[in-house]
Every structure is written in C-alpha cells, then in structure tokens.
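Chemist: Let me give you the structure first, and then I'll get to my questions.
Numbering (the numbering used here), first residue to last: -3 to 471.
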C-alpha cells in the first residue's frame, strides 16, 4: 500500500513542479523596487509593531517581486494574524515602482471591508483607492475605468467585477487575491491576464499544514504567518445543547447591557422542511420581539441587496444595532472590535474551519470575548467535533481535525487539484509519504525538467494528470 500511495503523491507533485518550471521560463514580470520613500512613510504611520512572522513573510514576498520571474505565492495565516498588512507592503512595492495593483475579494462585504482599511492607510500617503463591485453605479464605474486606463488610479479593490471585460489597467503589476479557495481557477487567471504576467499574491485564512498546502497548490510558493499579534486574547468557547439556549441569551443580555455587541449566526435563510433549522428571518423576528425587545436587533443575509447589507453592517459597526442576526456572510473580513459574543445555532452543521472563522469575528478588541456553539445534535460525533473548538484556537490544528472528521474533499472543495482522484492515498494519514514523494519529485525535476531520461515516467505522468499538463486545474 505504501508504495502505491507514494506513486499517487509523486506523480501529482511531479506534474505541479514541471508546470511551475515551465511557467517560470516562459513568463517574465516587472522587477519591483521594495525599499523607498513610500515604505518609510507607511512604516512610520503604523500604530503597531509588525510580528516576526509578518516581517519574515513580507521579506519573502519582496524578494519574489525583485525578480523577473512572476511571483505566485500563497500566504496562509490564522484568523487575526494580520495578512492584510502583509499584502499592503506588496501593493506599496508595486505602486512605488510605477505599477498598479488590484485586490480581489470573494464577496462585497469582504471587498468593502478591505476598501475601508486601505482607504484609511492610503489617504495618509495621498494615494487614491477605489472600490468596484456589482453594485457600483454606472457613472462611478465609468470614472474608475477611465482612471485605470490612464494610470491615475494605482489601486483597485473589488469583487469578480474586476475581471469583467471593460476593466483595463494601464500597467497592472500585482494581483492580490483574498480567500483564494472561493474563486475558480479561471476567475483567477482572468484577473492575471489584465496585466503582462503580473506578480500574484494569494491570501487565505483557512490554514492547513504546510505539506498539505504544497500538495494542493503545488505550483505556488507557500508562506505562513504562524504568530498572532500581541494582545489577541483567547475566546472562551462553550458547546451548549438546544435546551441550554437560555444561558446564551443571558450572556448576550449581560454583555450588551455593558455596551458591547453580539453576533447570532444561523445556517439557512428560509424555513426548510427537510432540516430542522431555524430560519434567519423568522428567528430575527422572534429575537427582536420576544427575547431582546429592549435592544436593536439587526439582520444580515446573502439574499439582501448590497445597499441593504451596507445599511445593516454600518448600523452594527456604529453600535446603532447591538445584536446582528446573520447567515455566514459575516464569516470573513467583518471587523467590529466592540463585538464580544458569537452565538452559532445548529453549530454541528458547519465545518470546524468555518466555525473557527466565525469565532474570529469576536476577540478583536480589549474585552473578554465568548463563542457559544448551540448544537441541535446529541450524537457522539457531533460532541467530539465541536469539542475540538472548546479545546483549541489554533487554525492549523482545527483544519487538520476537520479533515479527519469530514475528509479533505469536503474541507478544501470537492475537486481541489485532482484530490478526488486519489484511490488509496489519504492527505490526513499519509503526510510522511507525501513529504518523501515531494522530495523525490523535486530532485528529478531539478536534474531533468522535461523527463528526457525518464520516458516511462513521462508517459505515466501524462496518463494520470493530462489536465495538469494542459495547464488547466480542476476546481
């Protein structure tokens, strides 16, 4: 079995490494100058010190950008590890060198959040930033298109609207893609095609063990921000049964009475006959009228239009609503330091990594924070799974446990890089063999990139991974 598992891993790694070498030879990027006036100004404006891990990853990125070989780097970091600030240094390197940068996020909520942060920082540097999403008004859209084409606009933040045809950059030098597992490969490639082989930096807050990241993203370099900024505190996490829901309500009432705020997350929008899930809309009505009539309870879900979402989020940010009832649209990127309670209904229906992301919406200020996981299931498996979150706040460990419980395909997306095609190999159980296979593949590619001296190996590789050889990755 071990030999067959080795072969499965080996050929996938061989395909990735061969494609990566080919891309490096055929494409060349603009060389960026990482040190200069903008860097110095920005560094002085930062109200906090960078962590050692952030500094290390920034240096890895800047070294890539000094080369003519296009950067293709994935930055993994746990919730709250400070990935955005790392991306800002890459963006500044591009702008300082006379190029434009684009940051693409998977949802309007997350794009808006990035835009708010970047505007605050870039205003101080007198650099314009614009936001482009599906709901940007036509007149504003035309203005943005014009400024991009002339090069007046150095940085554009947006959703998939960035990859639609009329968006033409004057000189796109850097593409930053946030939460990259949420985009199809074709979407990512279309944004890259907006420039002449721009450098590409991808960010994810769903961290997985490094060896696994190299397997899934074999044609990327991988950096890890494995250190949280000082002051990030542990979030007290408790699993409750449905009948103990009153304890959660009491805690929320106590926190809100002291001026703080709470999230209440539910899995579905409308009543479902198949699953006993509380509908967000019905639950919002019940909570605001019967449970918390003394507080303002907001509502947020994916089927609201952009203006409604903005209004609801702004009210919560400004503490005009103290509690927000939401679906998982708040999973990534929403930053309200005054929120101290995250209550999740039917927690057993979410993946552990997703629950960890949701938990990361609290604990962003100086107050003690709580995560309450209300389970609708009494099974031993549900208890064990949710128990992982009570025990650990380490995103890398949590995602590994998530894969043990649900399998890598569920956690990472059904057809991540051909993973569904493994007959025997297990990404969770066989990581030692995976390391050996990658080392062996690297040695062979370094000696003989086109496998001239390994004709049988070449035939086997083409047979197993023709889609990789064609340069198209399954998603």
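No residue lacks a Cβ here, since even glycine has one placed at the ideal position from N, Cα and C.
In whole angstroms, what is the alpha-carbon distance linking residue 292 and residue 40?
Modeler: Answer to the nearest angstrom: the Cα atoms are 40 Å apart.
Chemist: With DSSP as the reference, please indicate the residues paired to residue 68 in a beta bridge.
Modeler: 196.
Chemist: How big is the Cα-Cα spacing for residue 333 and residue 36?
Modeler: The straight-line gap from Cα to Cα measures roughly 28 Å.
Chemist: Quick check on the DSSP output: the alpha helix (DSSP H) that includes residue 217 runs from which residue to which?
Modeler: That residue, residue 217, is in no alpha helix (DSSP H); its beta strand (DSSP E) goes 217 to 221.
Chemist: Buried or exposed for residue 79, going by 16 or more other Cβ atoms inside 10 Å?
Modeler: Residue 79 is buried by the Cβ-count criterion.
Chemist: Return the residue from the list 339, 372, 345, 439 that minimises the CA-CA distance to residue 473.
Modeler: With the chain running from -3 to 471 in the structure shown, residue 473 is simply not present.
Chemist: Got a sec, what are the start and stop residues for the alpha helix (DSSP H) residue 145 sits in?
Modeler: From DSSP, the alpha helix (DSSP H) with residue 145 extends over 134 to 146.
Chemist: What are the uninterrupted segments assigned as beta strand (DSSP E) that are 3 or more residues long and contained completely in the region 71 to 123, given in chain order?
Modeler: List check, beta strand (DSSP E) in window: 96 to 100.
Chemist: So, for residue 462: in the same chain, excluding its five sequence neighbours on each side, which residues have a beta-carbon less than 7 Å away from its beta-carbon?
Modeler: Result list for residue 462: empty, nothing under 7 Å.
Chemist: Name the DSSP beta bridge partners of residue 419, please?
Modeler: Bridge partners of residue 419: none, in fact.
Chemist: Use the C-beta contact count for residue 42: other C-beta atoms within 10 angstroms, 16 or more gives buried, fewer gives exposed.
Modeler: Answer is exposed; the Cβ neighbour count stays below 16.
Chemist: Which runs of the alpha helix (DSSP H) fall wholly inside the region 0 to 54 and span at least 4 residues, in chain order?
Modeler: As far as the region 0 to 54 is concerned, its whole alpha helix (DSSP H) runs of at least 4 residues are 33 to 41.
Chemist: What does DSSP give as the partner residues of residue 371 in its beta bridges?
Modeler: Answer is 237.
Chemist: State whether the region 5 to 25 contacts the region 427 to 440, with contact taken as three or more CB pairs (one from each stretch) at a distance under 8 Å.
Modeler: At 8 Å Cβ cutoff, the stretches touch.
Chemist: Would you mind sorting residue 165 into buried or exposed? The rule is 16 or more other CB atoms within 10 Å of its CB.
Modeler: Residue 165 should be labelled buried.
Chemist: Closer than 6 Å by C-beta to residue 302: which residues in its own chain qualify, once you throw out the five before and the five after it? Chain order, please.
Modeler: Here the set comprises 104, 131.
Chemist: Give me, in chain order, the residues of the same chain whose beta-carbon lies closer than 6 Å to that of residue 174; leave out the 5 immediate sequence neighbours on both sides.
Modeler: Excluding sequence neighbours, residue 174 sits near 101, 199.
Chemist: Tell me whether residue 203 is buried or exposed, calling it buried when 16 or more other Cβ atoms sit within 10 Å of its Cβ.
Modeler: Result: buried.
Chemist: I'd like to confirm the pairing. Which residues does DSSP put opposite residue 337 in its beta bridges?
Modeler: DSSP, once it has assigned bridges, lists 258, 366 as partnering residue 337.
Chemist: Please go through the same chain and pick out, in chain order, the residues whose beta-carbon is closer than 8 Å to the beta-carbon of residue 441, but skip the five residues on each side of it.
Modeler: For residue 441, where only same-chain residues beyond five positions count, the Cβ hits under 8 Å are 10, 13, 14, 17.
Chemist: DSSP puts residue 446 in a beta bridge; with which residues?
Modeler: In the DSSP output, where bridge partners are listed per residue, residue 446 has none listed.
Chemist: List the endpoints of the continuous beta strand (DSSP E) containing residue 361.
Modeler: Note, residue 361: premise wrong, no beta strand (DSSP E); not H, not E.
Chemist: Does the beta-carbon of residue 389 have 16 or more other beta-carbons within 10 angstroms, so that it is buried, or is it exposed?
Modeler: So residue 389 ends up on the buried side.
Chemist: What residue from 297, 341, 298 has the CA that sits closest to residue 242's CA?
Modeler: Of the candidates 297, 341, 298, the one whose C-alpha sits nearest the C-alpha of residue 242 is 341.
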